[in-house]
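Residue numbers (the working numbering), protein chains in the order written: chain A, 48 to 370; chain B, 48 to 370.
Think of the CB as a built atom: it goes at the ideal place given N, C-alpha and C, for glycine as much as any other residue.
2 protein chains.
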Amino acid sequence: MAVYTEVSDEDLGNFVASYDIGDVLSFKGIAEGVENSNYLLRTTQNSFILTLYEKRVDEQDLPFFLGLMEFLSGEGIPCPLPVSDREGNRLRTLAGRPAALITFLDGMWVRRPRNEHCAELGAGLAGMHLASTRFSMERQNALLMTAWREILGNCTGKLDRFENGLQTELEADLEQIASAWPTNLPRGVIHADLFPDNVFFLGGRLSGFIDFYFACTDFFAYDIAICLNAWCFETDGSFNITKAKALLRGYQSARSLSADEIAALPTLARGASMRFLVTRLFDWINTPEGAFVRPKNPVEYIKKLRFHRQIESASEYGLEQIS
Amino acid sequence: MAVYTEVSDEDLGNFVASYDIGDVLSFKGIAEGVENSNYLLRTTQNSFILTLYEKRVDEQDLPFFLGLMEFLSGEGIPCPLPVSDREGNRLRTLAGRPAALITFLDGMWVRRPRNEHCAELGAGLAGMHLASTRFSMERQNALLMTAWREILGNCTGKLDRFENGLQTELEADLEQIASAWPTNLPRGVIHADLFPDNVFFLGGRLSGFIDFYFACTDFFAYDIAICLNAWCFETDGSFNITKAKALLRGYQSARSLSADEIAALPTLARGASMRFLVTRLFDWINTPEGAFVRPKNPVEYIKKLRFHRQIESASEYGLEQIS
Chain A
48 MAVYTEVSDE DLGNFVASYD IGDVLSFKGI AEGVENSNYL LRTTQNSFIL
98 TLYEKRVDEQ DLPFFLGLME FLSGEGIPCP LPVSDREGNR LRTLAGRPAA
148 LITFLDGMWV RRPRNEHCAE LGAGLAGMHL ASTRFSMERQ NALLMTAWRE
198 ILGNCTGKLD RFENGLQTEL EADLEQIASA WPTNLPRGVI HADLFPDNVF
248 FLGGRLSGFI DFYFACTDFF AYDIAICLNA WCFETDGSFN ITKAKALLRG
298 YQSARSLSAD EIAALPTLAR GASMRFLVTR LFDWINTPEG AFVRPKNPVE
348 YIKKLRFHRQ IESASEYGLE QIS
Chain B
48 MAVYTEVSDE DLGNFVASYD IGDVLSFKGI AEGVENSNYL LRTTQNSFIL
98 TLYEKRVDEQ DLPFFLGLME FLSGEGIPCP LPVSDREGNR LRTLAGRPAA
148 LITFLDGMWV RRPRNEHCAE LGAGLAGMHL ASTRFSMERQ NALLMTAWRE
198 ILGNCTGKLD RFENGLQTEL EADLEQIASA WPTNLPRGVI HADLFPDNVF
248 FLGGRLSGFI DFYFACTDFF AYDIAICLNA WCFETDGSFN ITKAKALLRG
298 YQSARSLSAD EIAALPTLAR GASMRFLVTR LFDWINTPEG AFVRPKNPVE
348 YIKKLRFHRQ IESASEYGLE QIS
């Protein structure tokens, strides 16, 4: 929910004039996305999203993100296509920020995903993974064990407000996850932030993936683990195995999981909980009460972490062996 | 900058199905407007703004606001047209809030208005005033002297953070404004909140007025006074008489001001400063630091009030006598 950077009339005019996209009809800030400023730009030719990258995005990563979207679009994976200016640049500067123009995707994110959405998501995710193996750029996952440890360290002494002993509990978890973490699984580009608000649907069918600004090169199964957390728990904290089954079956309809991936899934899911838990804890602690952007409540992910801790086999997620 | 109320998939589906507007293609929260939640809704037929009215809007006033937009649209004044559902209702309930669907207006608001925008504004405002005399509904201005006095009273003891003696100064101003306030000037519907973000332009021409949720029946010249404050001061606080001249000339190109209106203009401008000053002071005092919606800084309007206090005649605003 955010527009952090205002764009002046002159700056917008000059920016748009650098592209072959027609004349501006409308320009409105969008109340979605917490990392960057997003505007909906309508011109006489088309609709676009104009993104101004704020401080949390490393400018050096932008060619990877934009290149990935362009590559996936070309592979038929529905996602925004970066638009180049008249000189062929996908990345420009606007209002002092790196800025890119991408095509507007029809569709809506689902506030309460149902089984059929999870099935569509699984199949779409597998398709994206398969396509990504032909993408040549790489980006290291910046949010793994080392980062979790550092972020958790920065929370020291401030977690009592959530629960006594939480810090010790999470530190122990972190070491267990680290020692069980797989070293060699099928890998490629993962989205790494595939929450419901980053997946669009139209008439019940998946119509697009957006917001690739955490994408990186990592284990495919870790992306699945992130989705299990983000799509298959109910608001009361309970795990919905029917949704997980739909997601995993959808995934395997396009790409079968290996025995190693299946064995690693509980550890990956525990790690995926830890990843979002530590960043949410950090944001919660470091955001003044009633702040401009409301941070997400970390408690949800404490529960998810504890749930995965007691999982012994991926079959408890509803995973069916594909013969 | 706001979306206060989330709309569930089911609620949106049911809502849209009540209208003859095609199928939903996209639904995005807009980061504009501080009073209500606004969504941009695109369907297979058209684009719309879906507004959910939050607590600051009195539900009883909504028929007036929606009726006014419908009336003005019919008179050729560019503004959003409320869309009726299949049963003829312009006002429905969505996510527990009163909600209305209005047509999407092309155009952008101007971040830094120039002379030519002020001229367009003046002419457009006069056109709206003239048309409004044929509108049959009435709504009292809820933000006049009595309300200012009450709001200022609620700030007692809390204005020292801005300036010592501010409360006393404003109370004296308020009484002077009240005693000089005109009793009989040409009246009709005024917009009463015509800041630059409520006026759209396209290719340098005024393309629409939006956000009629302060509109009421009052002196036309008071609307002009609000615009002088909102459009004709520079960011350094200086009054730009060239812009004011353009605005007033534009206005009088469509509707001549009477001698009484001209004589009252300095008092009305002083009152218009007081009106926005007291609400901004109140919001500033009552919003926690770093809050979700950043209140507008009141200091700008303290300066405007002091400027108008020393004005003796409307000619100091650049008003030219129309012979």
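Q: Identify each residue in the segment 69-92 of chain A for which the Cβ-Cβ distance to at least one residue of chain B is less than 8 Å, and report them in chain order.
A: When CB distances to chain B are screened at a threshold of 8 Å, the residues of the segment 69-92 of chain A falling below it are Asp70, Val71, Leu72, Ser73, Phe74, Lys75, Gly76, Ile77, Ala78, Glu79, Leu87, Arg89, in chain order.
**Q.** Where Asp283/B meets chain A, residues with beta-carbon distance less than 9 Å
**A.** As a working note, residue 283/B is residue 236 in the second sequence. For the C-beta of Asp283/B, not a single chain A residue is nearer than 9 Å; the gap to the nearest is close to 16 Å.
Q: Give the residues from the segment 153-177 of chain B that approach chain A closer than 7 Å (Cβ to any Cβ), ordered along the chain.
A: Correct list: Asp153, Gly154, Met155, Val157, Arg158, Arg159.
Q: Taking only the alpha-carbon atoms, compute the straight-line gap between Leu221/A and Ala227/A and give it to the nearest angstrom.
A: As a position in the first sequence, residue 221/A is number 174, starting the count at 1. As a position in the first sequence, residue 227/A is number 180, starting the count at 1. Distance between the alpha carbons of Leu221/A and Ala227/A: 10 Å.
**Q.** Interface flag, Asp207/A vs chain B, CB-CB below 8 Å
**A.** Counted from its first residue, the first sequence places residue 207/A at position 160. At a cut-off of 8 Å between C-beta atoms, Asp207/A does not count as an interface residue with respect to chain B.
Q: Please say whether Phe62/A and Val157/A have beta carbons closer to each other than 8 Å?
A: Reading the first sequence from its first residue, position 110 is the one you call residue 157/A. Reading the first sequence from its first residue, position 15 is the one you call residue 62/A. No, the Cβ-Cβ distance between Val157/A and Phe62/A is not below 8 Å.
(Q) Going residue by residue through the segment 180-240 of chain B, where are the continuous beta strand (DSSP E) segments of at least 3 residues, counting only ones entirely within it? (A) Here the runs fully enclosed are 234-237.
Q. Is it buried or exposed for Ser179/B, if we count other Cβ within 10 angstroms and need 16 for buried?
A. In the second sequence, the residue the question calls residue 179/B occupies position 132. Residue environment for Ser179/B: buried (at least 16 other C-beta atoms within 10 angstroms of its C-beta).
Q.
For chain B, check one thing: does any of its Cβ atoms lie closer than 8 Å to the Cβ of Val246/A?
A. Here residue 246/A corresponds to residue number 199 of the first sequence, with the count starting at 1. Closer than 8 Å: no.
Q) Interface residues of chain A around Asp56/B at Cβ under 7 Å? A) Taking the second sequence and counting its residues from 1, the one referred to as residue 56/B is at position 9. Taking the beta carbon of Asp56/B as reference, the chain A residues within 7 Å of it are Val157, Arg158, Arg159, listed in sequence order.
Q) What residues match up with Tyr86/A in a beta bridge as DSSP calls it? A) On the first sequence, position 39 is the one that residue 86/A refers to. Tyr86/A pairs with Gly76/A, Leu97/A.
**Q.** 8 Å Cβ cutoff met for Ile237/A and Tyr269/A
**A.** Looking up residue 237/A in the first sequence gives position 190. Looking up residue 269/A in the first sequence gives position 222. Taking 8 Å as the Cβ cut-off, Ile237/A and Tyr269/A qualify as a contacting pair.
**Q.** Extent of the continuous beta strand (DSSP E) to which Arg144/B belongs
**A.** Here residue 144/B refers to the residue found at position 97 of the second sequence. Unbroken beta strand (DSSP E) run through Arg144/B: 144-150.
**Q.** For Gly121/B, the first and last residue of its enclosing alpha helix (DSSP H)
**A.** Taking the second sequence and counting its residues from 1, the one referred to as residue 121/B is at position 74. Where Gly121/B is concerned, the enclosing alpha helix (DSSP H) starts and stops at 109-121.
Q: Report all residues from its chain with a CB closer than 7 Å to the CB of Met321/B; omit the five preceding and five following residues, and keep chain order.
A: Here residue 321/B is taken as the residue at index 274 of the second sequence, counted from 1. Correct list, in chain order: Trp195, Asp220, Leu221, Ile224, Leu352.
Q) Does the beta carbon of Ala277/A come closer than 8 Å to any beta carbon on chain B? A) Taking the first residue of the first sequence as 1, we reach residue 277/A at position 230. Among the CB atoms of chain B, none fall inside 8 Å of the CB of Ala277/A.
Q | Status (buried if at least 16 other CB within 10 Å, exposed otherwise) for Arg144/A | A | Numbered from its first residue, the first sequence carries residue 144/A at position 97. Counting the other Cβ atoms within 10 Å of the Cβ of Arg144/A gives 16 or more, which makes it buried.
Q: Would you identify the three-state DSSP class for Ser362/A, choosing helix, strand or coil?
A: Taking the first residue of the first sequence as position 1, residue 362/A is located at position 315. Note: Ser362/A maps to helix in three-state DSSP.
Q.
Suppose contacts are defined by Cβ-Cβ distances below 8 Å. Is Leu315/B in contact with Ala272/B by that definition?
A. Here residue 315/B refers to the residue found at position 268 of the second sequence. Here residue 272/B refers to the residue found at position 225 of the second sequence. Taking 8 Å as the cut-off, the Cβ atoms of Leu315/B and Ala272/B count as close.
Q | Partner residues on chain B for Leu249/A, Cβ-Cβ distance less than 9 Å | A | On the first sequence, position 202 is the one that residue 249/A refers to. For Leu249/A, the chain B residues whose Cβ falls inside 9 Å of its Cβ are Asp70, Val71, Leu72, Ser73, in order along the chain.
Q: My understanding is that Gly76/B touches Ile77/A, with C-beta atoms under 8 Å, so please give their C-beta distance in whole angstroms.
A: By 1-based counting over the second sequence, the position of residue 76/B is 29. By 1-based counting over the first sequence, the position of residue 77/A is 30. Contact between Gly76/B and Ile77/A holds, since their C-beta atoms are separated by about 7 Å, short of 8 Å.
Q) Would Asn211/A be called buried (16 or more neighbouring beta carbons within 10 Å of its own) or exposed? A) One-based indexing of the first sequence puts residue 211/A at position 164. Exposed.
Q: Return the chain-ordered list of same chain residues with a C-beta closer than 6 Å to the C-beta of Ala293/B, the five sequence neighbours on each side being excluded.
A: On the second sequence, residue 293/B is found 246 positions in, with the first residue counted as 1. Excluding sequence neighbours, Ala293/B sits near Asn162, Cys165, Ala166.
Q.
Give me, in chain order, the residues of the same chain whose beta-carbon lies closer than 7 Å to that of Ser131/A; leave out the 5 immediate sequence neighbours on both sides.
A. Mapped onto the first sequence, residue 131/A falls at position 84. Only Arg137 meet the Cβ criterion.
Q) Got a sec: is the Cβ-Cβ distance from Glu53/B to anything in chain A below 8 Å? A) Residue mapping note: residue 53/B aligns to position 6 of the second sequence, counting from 1. The Cβ of Glu53/B sits closer than 8 Å to at least one Cβ of chain A.
Q: Would you identify the three-state DSSP class for Met48/B, choosing helix, strand or coil?
A: Counting from 1 along the second sequence, the entry for residue 48/B is found at position 1. With a pLDDT of 40 at Met48/B, under the threshold of 50, the modelled position of this residue cannot be trusted; read the value that follows with caution. In this structure, DSSP gives Met48/B a state outside helix and strand, which the three-state scheme calls coil.
Q: Quick one: grab the DSSP three-state call for Phe354/A.
A: Locating residue 354/A in the first sequence gives position 307, where the first residue counts as 1. Helix.
Q.
By the DSSP assignment, the beta strand (DSSP E) with Val104/B in it spans what residues?
A. As a working mapping, residue 104/B is identified with position 57 in the second sequence. Neither: Val104/B is in no beta strand (DSSP E) and is coded neither H nor E.
Q) With a CB to CB cut of under 8 Å and the five nearest residues on each side skipped, what residues in its chain are close to Leu72/B? A) In the second sequence, the residue the question calls residue 72/B occupies position 25. Counting only Cβ-Cβ distances below 8 Å, and skipping sequence neighbours, we find Arg89, Thr90, Thr91.
Q.
Check for me: the beta strand (DSSP E) holding Phe286/B runs from which residue to which?
A. Counting from 1 along the second sequence, the entry for residue 286/B is found at position 239. Neither: Phe286/B is in no beta strand (DSSP E) and is coded neither H nor E.
Q: Give me the Cβ distance between Leu168/B and Gly297/B, rounded to the nearest whole Å; I'm assuming they're in contact under 8 Å.
A: Working through the second sequence from its first residue, we reach residue 168/B at position 121. Working through the second sequence from its first residue, we reach residue 297/B at position 250. Between the beta-carbon of Leu168/B and that of Gly297/B there is about 7 Å, and that keeps the pair under the 8 Å contact cut.
**Q.** Sub-8 Å separation of Pro345/B and Leu328/B beta-carbons
**A.** Position 298 of the second sequence, counted from the first residue, corresponds to residue 345/B. Position 281 of the second sequence, counted from the first residue, corresponds to residue 328/B. Yes.
Q.
Assuming the contact rule is C-beta atoms closer than 8 Å, Glu101/A and Glu82/A should be a hit. Round their C-beta distance to whole Å, please.
A. Position 54 of the first sequence holds residue 101/A. Position 35 of the first sequence holds residue 82/A. So it is a contact: roughly 6 Å between Cβ atoms.
**Q.** Straight-line gap, Asp56/B to Leu141/B (C-alpha atoms, nearest Å)
**A.** Position 9 of the second sequence, counted from the start, is the residue given in the question as residue 56/B. Position 94 of the second sequence, counted from the start, is the residue given in the question as residue 141/B. Between the C-alpha atoms of Asp56/B and Leu141/B there is a straight-line separation of about 11 Å.
Q: Using only the heavy atoms of the ligand ZN, determine whether one of them is closer than 7 Å to the beta carbon of Gly235/A.
A: As for the ligand ZN, it is missing from this structure, which has no ligand bound.
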